[in-house]
């Protein structure tokens with residue numbers, strides 16, 4: 001099973017190769033290399049479908065940090081396979097699309113490097129069984145998506161969108177990390193598989209509910225659930241290939257994956273059902289409600305994505321009822337909700353990916369995405385129009401497209417909650433009503449996308465470029481996705497039996513095949529679900545026809561100043577103002593003030609520790625007698641230190657400072673430490689020479705007159721620091737809390753094969769510390785080299801908003 005590990009590692013290795021290919025190999029678009037990588041991974045994962053469909057799973061453990069039970073464990077089952085196929089499959093199509101979408105003048109090396117980093121991170125998320133390894137990849141998806149969203153960093157809107165997505169998703173990720181730690185404290189394992197088998201004994205644990213809510217926080221922020229959805233619309237400032245990949249098929253589905261993966265852990269708890277279902281339903285409604293008011297096509301698709309994610313999330317929440325112990329209802333009803341969720345997740349990736357690419361084509365060829373400037377494109381862009389029909393009608397839940405099938409199953413799932421008796425029938429009956437209204441609004445914005453863009457009057461005077469069909473290279477990927485939309489409608493059970501059903505075993509490992517098997521059919525008779533669909537079409541068409549008469553209601557129902565975006569912006573502004581005030585209060589620009597802060601902290605921390613541990617006790621009588629020569633050196637150093645504060649010449653101060661250093665060197669000689677004496681002498685000599693060399697270039701020294709209050713504070717701090725250091729030096733002899741480690745290092749030859757103890761400490765016993773010091777110096781050196789080597793062009797401002 002090393003190959004699944006390689007599936008994670010290969011994108012990262014390829015990301016390292018991309019800059020080399022981009023720089024060294026001319027005449028070949030670097031995107032084709034990325035396409036080969038993602039396609040090869042996709043075809044390789046496809047080869048696992050027959051075995052996974054037969055019930056096999058694949059597990060491999062690579063020991064990483066075994067002392068902390070953190071190992072790189074990869075687990076391939078039905079659930080992870082679905083997401084891996086979407087990550088690599090949609091990734092291949094997006095790569096082809098981006099080859100023709102992005103200009104050759106763009107920094108393609110960075111773009112495809114970020115894309116591969118994201119692909120590898122997402123594969124790491126879905127394949128990881130260890131929760132700590134999963135968390136590492138989880139945050140790596142946030143970082144790589146930040147880089148992709150901010151790819152056009154010269155635009156302020158792109159930088160702001162990337163910042164917002166990073167702040168929200170990373171914050172949720174921190175909460176998820178705390179939840180993971182709580183799970184580990186409860187179960188004693190970091191393996192998700194082991195948690196599933198042992199969690200039944202921890203449902204009454206005080207950390208169970210907090211861990212559940214914190215993990216859901218991470219999932220909700222990543223999958224743009226209400227009220228954390230605000231980052232997704234602003235992330236639309238990314239290039240369209242990024243939106244098609246991250247914000248329709250992969251990144252936003254990571255939270256869905258997490259909830260599905262942890263449903264066997266928390267699904268039996270009623271809190272899980274309520275939180276996941278209600279948040280999903282609210283998100284479904286709020287996203288569809290806001291999508292209608294948008295005038296930018298990508299913003300419309302962003303809110304539609306939020307709505308569709310809420311729909312999937314609510315179905316997973318409803319399906320958790322099947323894991324509730326003692327429930328007597330037919331489990332098939334609720335497991336079908338999970339089946340519908342996974343089915344719609346796949347369907348959504350196909351039609352939404354195609355629609356994002358359609359928007360990219362319109363923007364690329366016409367120079368605008370503003371619905372108010374579009375219209376009449378159907379005859380001028382017939383292929384793009386056809387793809388938009390397929391994608392939009394599928395999203396609206398109309399036949400003969402795959403969205404119709406999963407939408408009907410969604411209605412069945414929503415109607416099933418009426419049979420539950422967890423609370424009053426009024427609340428249970430309200431969920432289907434809200435879902436049905438949201439579906440009507442979904443129908444409206446789907447019609448807006450098609451009819452406002454491609455039908456009506458052609459307004460060439462409002463376009464930057466005359467309308468024309470895109471080249472085949474840009475059309476290829478959305479055509480493929482559009483074909484899948486239709487093929488899945490006619491052959492849904494191929495997907496259901498070979499891909500979706502194995503994933504059901506991952507969500508409901510304790511249920512039998514008779515509870516998990518679902519047969520997808522386009523016709524179930526004239527039932528309530530079909531009546532709801534007819535109602536959606538009728539009321540949706542009515543609202544669309546009279547849209548201009550009621551759309552103005554948004555201006556007073558949802559004023560911008562009361563929106564979550566405004567709350568986010570005002571919060572950031574307030575934080576910046578407060579932090580600026582606090583920072584200006586202590587950042588005075590005077591080095592002596594900063595030293596006072598440091599020393600005051602030292603006094604409080606070290607002095608407080610000495611008092612708390614009573615380690616300041618010492619006995620001077622047991623110490624050796626101080627000789628006259630040692631007294632002379634000490635007095636000379638004291639006189640030099642005091643004189644340095646009083647002299648008016650910078651040259652004199654430098655020489656007096658060297659007296660202190662050489663005095664310490666003499667003490668090292670007296671106390672029989674020649675190596676330290678030599679080091680101190682060399683350092684002091686070099687430092688003095690550097691001071692004198694710099695002295696030549698410094699302006700005339702005008703000693704500032706400090707306030708009397710400042711002098712008193714500085715004097716008190718100086719005396720306190722001196723007393724603490726002296727106390728530490730005296731107390732060390734009597735305050736030994738632990739046995740000395742010097743005897744350990746005396747065995748340096750046996751332990752490290754070294755005859756020099758100092759070298760053994762630096763090279764073996766403190767190897768990591770020494771290595772990190774070298775790394776710090778290397779990074780600093782690279783930074784200096786970069787500043788010296790690179791010269792900014794005149795007038796070139798990389799942060800200029802264009």
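In full-length UniProt numbering, the protein residues as written are 1 to 802.
The C-beta atom is built at its ideal place from N, Cα and C for all residues, glycine as well.
Residue i classed as buried or exposed, judged by whether at least 16 other C-beta atoms fall within 10 angstroms
{"i": "residue 347", "result": "buried"}
{"i": "residue 129", "result": "buried"}
{"i": "residue 678", "result": "exposed"}
{"i": "residue 24", "result": "exposed"}
{"i": "residue 542", "result": "exposed"}
{"i": "residue 146", "result": "buried"}
{"i": "residue 344", "result": "buried"}
{"i": "residue 415", "result": "buried"}
{"i": "residue 590", "result": "exposed"}
{"i": "residue 225", "result": "buried"}
{"i": "residue 680", "result": "buried"}
{"i": "residue 803", "result": "Absent from the model: residue 803. The displayed extent of the chain is 1 to 802, so no value can be given."}
Same chain only: Cβ atoms within 8 Å of residue i, ignoring 5 sequence neighbours per side
{"i": "residue 45", "result": "7, 81, 84, 85, 88"}
{"i": "residue 338", "result": "260, 263, 315, 316, 319, 322, 504, 507, 508"}
{"i": "residue 460", "result": "466, 467"}
{"i": "residue 227", "result": "564"}
Whether residue i touches residue j by CB criterion (8 Å)
{"i": "residue 611", "j": "residue 727", "result": "no"}
{"i": "residue 320", "j": "residue 335", "result": "no"}
{"i": "residue 116", "j": "residue 125", "result": "no"}
{"i": "residue 373", "j": "residue 462", "result": "yes"}
{"i": "residue 252", "j": "residue 223", "result": "yes"}
{"i": "residue 307", "j": "residue 287", "result": "yes"}
{"i": "residue 312", "j": "residue 256", "result": "yes"}
{"i": "residue 391", "j": "residue 267", "result": "no"}
{"i": "residue 405", "j": "residue 492", "result": "yes"}
{"i": "residue 640", "j": "residue 656", "result": "yes"}
{"i": "residue 297", "j": "residue 291", "result": "no"}
{"i": "residue 351", "j": "residue 403", "result": "yes"}
Where residue i falls: helix, strand or coil (DSSP)
{"i": "residue 787", "result": "helix"}
{"i": "residue 773", "result": "helix"}
{"i": "residue 58", "result": "strand"}
{"i": "residue 111", "result": "helix"}
{"i": "residue 601", "result": "helix"}
{"i": "residue 138", "result": "helix"}
{"i": "residue 69", "result": "coil"}
{"i": "residue 75", "result": "strand"}
{"i": "residue 593", "result": "helix"}
{"i": "residue 63", "result": "strand"}
{"i": "residue 584", "result": "helix"}
{"i": "residue 130", "result": "strand"}
{"i": "residue 675", "result": "helix"}
{"i": "residue 363", "result": "helix"}
{"i": "residue 764", "result": "helix"}
{"i": "residue 370", "result": "strand"}
{"i": "residue 191", "result": "strand"}
{"i": "residue 160", "result": "helix"}
Through-space distance from residue j to residue i, alpha-carbon basis
{"i": "residue 328", "j": "residue 439", "result": "Confidence in residue 328 is poor, its pLDDT being 44 and thus under 50, which makes the residue's placement unreliable; the coordinate value appears in the next sentence. Taking the straight line from one Cα to the other gives about 30 Å."}
{"i": "residue 581", "j": "residue 588", "result": "12 Å"}
{"i": "residue 309", "j": "residue 160", "result": "23 Å"}
{"i": "residue 790", "j": "residue 154", "result": "19 Å"}
{"i": "residue 382", "j": "residue 474", "result": "14 Å"}
{"i": "residue 149", "j": "residue 237", "result": "7 Å"}
{"i": "residue 538", "j": "residue 378", "result": "24 Å"}
{"i": "residue 60", "j": "residue 359", "result": "42 Å"}
{"i": "residue 35", "j": "residue 27", "result": "16 Å"}
{"i": "residue 12", "j": "residue 671", "result": "55 Å"}
{"i": "residue 457", "j": "residue 447", "result": "16 Å"}
{"i": "residue 576", "j": "residue 570", "result": "10 Å"}
{"i": "residue 364", "j": "residue 556", "result": "34 Å"}
Neighbourhood of residue i by C-beta, 7 Å cutoff - its chain only, sequence neighbours within 5 removed
{"i": "residue 471", "result": "100"}
{"i": "residue 38", "result": "88, 91, 92, 95, 119"}
{"i": "residue 435", "result": "281, 284, 414"}
{"i": "residue 295", "result": "370, 371, 372"}
{"i": "residue 326", "result": "Only weak support is given to the placement of residue 326: the predicted model assigns it a pLDDT of 44, under 50, and the value that follows is read from those uncertain coordinates. So the list is empty, once near-sequence residues are dropped."}
{"i": "residue 185", "result": "207"}
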